[in-house]
Amino acid sequence: NFTRSITKVSNAPIHRLSTNIIPSHYRLYIDASQLEELIFQGTLDIDIQIKEITDEIILNSVNLNITQIGFQDNNFTSIILNGSVKFNQEYEQAIIKFHQPLNPGNGRLYLSFNGKINDQLNGFYRTQSGDSLGACTQFEPGYARQAFPCFDEPSFKANFTITIRSHKNLTTLSNMPVKSKSNGENDTYVYEFETTPIMSTYLVAYVIGYYDYIETRDINNVLIRVYTSIGKQNQGSFALKTAAKILPFYADYFGIKYPLSKLDMVAVSDFGSGAMENWGLVTYRETYLLVNGHTSPQKTKQDVSLVVAHELAHQWFGNLVTMQWWNDLWLNEDNFASWIEFLAVDYVYPEFDIWTQFVSDTLATCMVPDALHNSHPIEMSIEKPTEIDEIFDEITYGKGSSVIRLIHAYIGSEAFRRGLSNYLAEYSYKNTITDNLWSHLSRASNNSHLSSILSTWTKQMGYPLLTVKEKQKGNERLITIEQMRFLADGTKDDRLRWKIPIDICTKSSPNESVYQLYLNGEKKQEFLLEKISSTDWIKLNLFSVGIYRVDYPQSMLEALTPGINDQTLSPQDRFNIQADVFALARAGRRGYVDYLKLLRQAYKHEENLTVWKSILRQLSDLGSIFEYAYLNNTKLLYQSYVCDLLLNIYNKLTWDSLPNESSQAIILRSIILLNMGVNEHDKTRDEAAARFEKIFIGNNEDNFMDPNIRGAVYLTVAKRGNQRTFDQLKSVIFLELFRS
Numbered sequence: 001n002f003t004r005s006i007t008k009v010s011n012a013p014i015h016r017l018s019t020n021i022i023p024s025h026y027r028l029y030i031d032a033s034q035l036e037e038l039i040f041q042g043t044l045d046i047d048i049q050i051k052e053i054t055d056e057i058i059l060n061s062v063n064l065n066i067t068q069i070g071f072q073d074n075n076f077t078s079i080i081l082n083g084s085v086k087f088n089q090e091y092e093q094a095i096i097k098f099h100q101p102l103n104p105g106n107g108r109l110y111l112s113f114n115g116k117i118n119d120q121l122n123g124f125y126r127t128q129s130g131d132s133l134g135a136c137t138q139f140e141p142g143y144a145r146q147a148f149p150c151f152d153e154p155s156f157k158a159n160f161t162i163t164i165r166s167h168k169n170l171t172t173l174s175n176m177p178v179k180s181k182s183n184g185e186n187d188t189y190v191y192e193f194e195t196t197p198i199m200s201t202y203l204v205a206y207v208i209g210y211y212d213y214i215e216t217r218d219i220n221n222v223l224i225r226v227y228t229s230i231g232k233q234n235q236g237s238f239a240l241k242t243a244a245k246i247l248p249f250y251a252d253y254f255g256i257k258y259p260l261s262k263l264d265m266v267a268v269s270d271f272g273s274g275a276m277e278n279w280g281l282v283t284y285r286e287t288y289l290l291v292n293g294h295t296s297p298q299k300t301k302q303d304v305s306l307v308v309a310h311e312l313a314h315q316w317f318g319n320l321v322t323m324q325w326w327n328d329l330w331l332n333e334d335n336f337a338s339w340i341e342f343l344a345v346d347y348v349y350p351e352f353d354i355w356t357q358f359v360s361d362t363l364a365t366c367m368v369p370d371a372l373h374n375s376h377p378i379e380m381s382i383e384k385p386t387e388i389d390e391i392f393d394e395i396t397y398g399k400g401s402s403v404i405r406l407i408h409a410y411i412g413s414e415a416f417r418r419g420l421s422n423y424l425a426e427y428s429y430k431n432t433i434t435d436n437l438w439s440h441l442s443r444a445s446n447n448s449h450l451s452s453i454l455s456t457w458t459k460q461m462g463y464p465l466l467t468v469k470e471k472q473k474g475n476e477r478l479i480t481i482e483q484m485r486f487l488a489d490g491t492k493d494d495r496l497r498w499k500i501p502i503d504i505c506t507k508s509s510p511n512e513s514v515y516q517l518y519l520n521g522e523k524k525q526e527f528l529l530e531k532i533s534s535t536d537w538i539k540l541n542l543f544s545v546g547i548y549r550v551d552y553p554q555s556m557l558e559a560l561t562p563g564i565n566d567q568t569l570s571p572q573d574r575f576n577i578q579a580d581v582f583a584l585a586r587a588g589r590r591g592y593v594d595y596l597k598l599l600r601q602a603y604k605h606e607e608n609l610t611v612w613k614s615i616l617r618q619l620s621d622l623g624s625i626f627e628y629a630y631l632n633n634t635k636l637l638y639q640s641y642v643c644d645l646l647l648n649i650y651n652k653l654t655w656d657s658l659p660n661e662s663s664q665a666i667i668l669r670s671i672i673l674l675n676m677g678v679n680e681h682d683k684t685r686d687e688a689a690a691r692f693e694k695i696f697i698g699n700n701e702d703n704f705m706d707p708n709i710r711g712a713v714y715l716t717v718a719k720r721g722n723q724r725t726f727d728q729l730k731s732v733i734f735l736e737l738f739r740s
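Note that full-length UniProt numbering has the sequence shown beginning at 1, numbered continuously upward.
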């Protein structure tokens, strides 16, 4: 996941704020005119509702100096100015005490404060592009309290009217469009922004710095801009085009228009996360927003489109409808966004074949750590924001989005979409919990058991291994399926059971679900498949939707081989079969020889990117074993095996892109060339060396490497290079970095 994979969160222990004080409207003024000194001042008016009489107001505040305090009661006639403040650093709270009681009703809290612009990539922090200094905010999950005193929990939603003072030569942005701009002292402007919709504090954002931008409007007339460092605006063209298509796609899919009049996407030079979904002002690491037409490989476009789609999904899922507390973050925000980003990119760029890549890049990635004894469920209690990074890992994100994919397939696309739309409509501008979404999906699909099925996937760790046996009886086939937890070390664990919907395809209908089975949580179940001939193979887990491994007897596996060879089976199913055999071999349940034989017998004519990525990732694992195995030329035999396996696709793709070649072929070429090179294929080594030397002919700076194959070329020449090679590599890489 791109949003929180790197950011280090606050270490504050749990101490939730009281619900006796409810904020409704913040009027925030930030004076950032002393940016060079890395300090800021601010004033803040918060409209609040007091439920019961009290003499104190507790809110969150970290590293801020509160200099003035005032309170005005619901009649707005008198101001209490004699409040005092104490700070609880452990709980990151400011306790404001008044010498007279605050009666129930509405009132307004007045604060003046100041603080430092930090260099920690969270809160209100400094950014720098070259010699240009700027500032940016990163408030999720608990960092708004570092920029202004606030009720910094997601359930305390409010409106925000933000005003910022900054130097005239700096671009100044916030969540909403500028309402007015006036001259301030000392060559500054004062920007007043329109009031936001009701939202959580972690979505507040402002960015100050030197930026260029490009803009467009989508079909719903939403103004979309991409802001970049000076001179890089053209590198934002792809992201701008992508956002202009995805934003109306979501509006149509959810049945709710994008609530704001503008969407800014900013490439921030110093950014700890991949991106952050601030409402109306999405911030990105430069590598996840910018595409350089000369130096960026084709895969960069895929990565950028997925990150943009992920953050724009949050404008509804997370911003419009927000989790009550962080323990519901796994579904309501990140895992849903991690699933629907693929749906959106597939709609905008079907040529990316992105759903096929999902099984390799997302599903398979999470199944490796989830097969360990120290795995964890994806649905876990979070007591404090600091725990988010501790438990949100490949298992949580990959398995979580895979569970969403499973639900979508199980209840059907229309029921799924209807349930989401109704859910968003009911909880717009509100907070919600996971059960609310399950309830809407259950009603939309008329499936009252949905929640009990899903709980076996979300509330317990790991996933099952299904051991299959078959027995033919005339035109019927008896299938026996036994389930147990799959563990990477091959040990047995019979304590856990799953409720598993299973779709089965056959030789006569390889791309549709011919039989639908349901494992109800028992250890072993039998099913009778009717109207199936003895020559018809079957395959479980159609399109690799299920989160489980399948152990077929050798006879069933051999029967599937022709369907792999002639590519009758879908790419997802071809991927799934070999991935399961490798996992079983690694766990000691099969031999590695079984896997290597399967590849040679069934995959030598494979052409799909996702299938090859999986195969080569797994062969790389084997290769790391053989790297230092000199006995009987084992390493050389392994390298010869890999080169022979890749030879057909290598000869088909060659070295240079063809006109109108697919995105997948371009990316696959780079992977195949790299693997041929590192496995010492003579022809590849010679061609890589020739292309590398050509860069330096005539000292022509226009002689730069095709970005889609440069990694393969550089790695191949480096593998047998010398000091001269190293110096050449260093110079050409520096030149490419300069061009980017």
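No residue lacks a Cβ here, since even glycine has one placed at the ideal position from N, Cα and C. Predicted model, so just to flag it, every value in this text is computed and none were measured.
Three-way DSSP call (helix, strand, coil) for residue i in this model
i: Q516; result: strand
i: M380; result: coil
i: H310; result: helix
i: Y258; result: coil
i: M676; result: helix
i: T242; result: helix
i: M705; result: coil
i: Y423; result: helix
i: D270; result: coil
i: V545; result: coil
i: M199; result: strand
i: S155; result: coil
i: T300; result: helix
i: D252; result: helix
i: P562; result: helix
i: H440; result: helix
i: G184; result: strand
i: R497; result: coil
i: P369; result: helix
i: I364; result: It is worth fixing the name first, because residue 364 is Ala in this sequence and not Ile. A364 falls in the helix class under three-state DSSP.
Closest residue to residue i among the options (Cα-Cα distance)
i: T242; options: F271, D346 and E277; result: D346
i: V581; options: L609, D551 and V403; result: D551
i: T137; options: Q472, L203, M176 and F156; result: L203
i: F71; options: I411, N63 and S84; result: S84
i: D644; options: W457, K157 and H605; result: H605
i: R417; options: R443, T467 and I433; result: R443
i: L372; options: A267, W330, T283 and L487; result: L487
i: A309; options: D573, I340, F726 and T300; result: I340
i: D212; options: Y206, Q233 and D264; result: Q233
i: F543; options: D536, I577 and Q68; result: I577
i: S132; options: I504, Q723, G588 and N169; result: N169
i: N175; options: L281, I538 and R126; result: L281
i: I481; options: T456, N475 and L528; result: L528
i: G42; options: I164, I58 and N446; result: I164
i: N159; options: S375, L44 and F271; result: L44
i: I80; options: Q93, E56, N60 and E92; result: E56
i: D435; options: R710, K459 and S413; result: K459
Residue i, buried or exposed, once every other Cβ within 10 Å from all chains shown has been counted against 16
i: E311; result: buried
i: residue 748; result: Because the chain is modelled from 1 through 740, residue 748 falls outside the range shown and cannot be assessed.
i: R225; result: buried
i: I625; result: exposed
i: V593; result: exposed
i: N103; result: exposed
i: D573; result: buried
Nearest-angstrom Cβ-Cβ length linking residue i and residue j, presumed shorter than 8 Å
i: L149; j: L111; result: The question names Leu, yet the displayed sequence has Pro at residue 149. Confirmed, about 6 Å.
i: L668; j: L653; result: 7 Å
i: F40; j: D31; result: 6 Å
i: M380; j: Y463; result: Incorrect: roughly 16 Å between the Cβ atoms, too far for contact.
i: K613; j: S296; result: Contact doesn't hold; Cβ gap of about 19 Å is too wide.
i: A135; j: Y143; result: Not quite, the Cβ-Cβ distance comes to about 14 Å (not below 8 Å), so this is no contact.
i: F696; j: Q664; result: Contact doesn't hold; Cβ gap of about 32 Å is too wide.
C-beta neighbour in chain C for residue i, strict 8 Å
i: L102; result: Here there is only one protein chain, and chain C is not present.
Inset, instruction - Starting from the N-terminal side, write out each stretch of the beta strand (DSSP E) that is 3 residues or longer and does not extend beyond the segment 76-103. - result: 84-88 and 93-102
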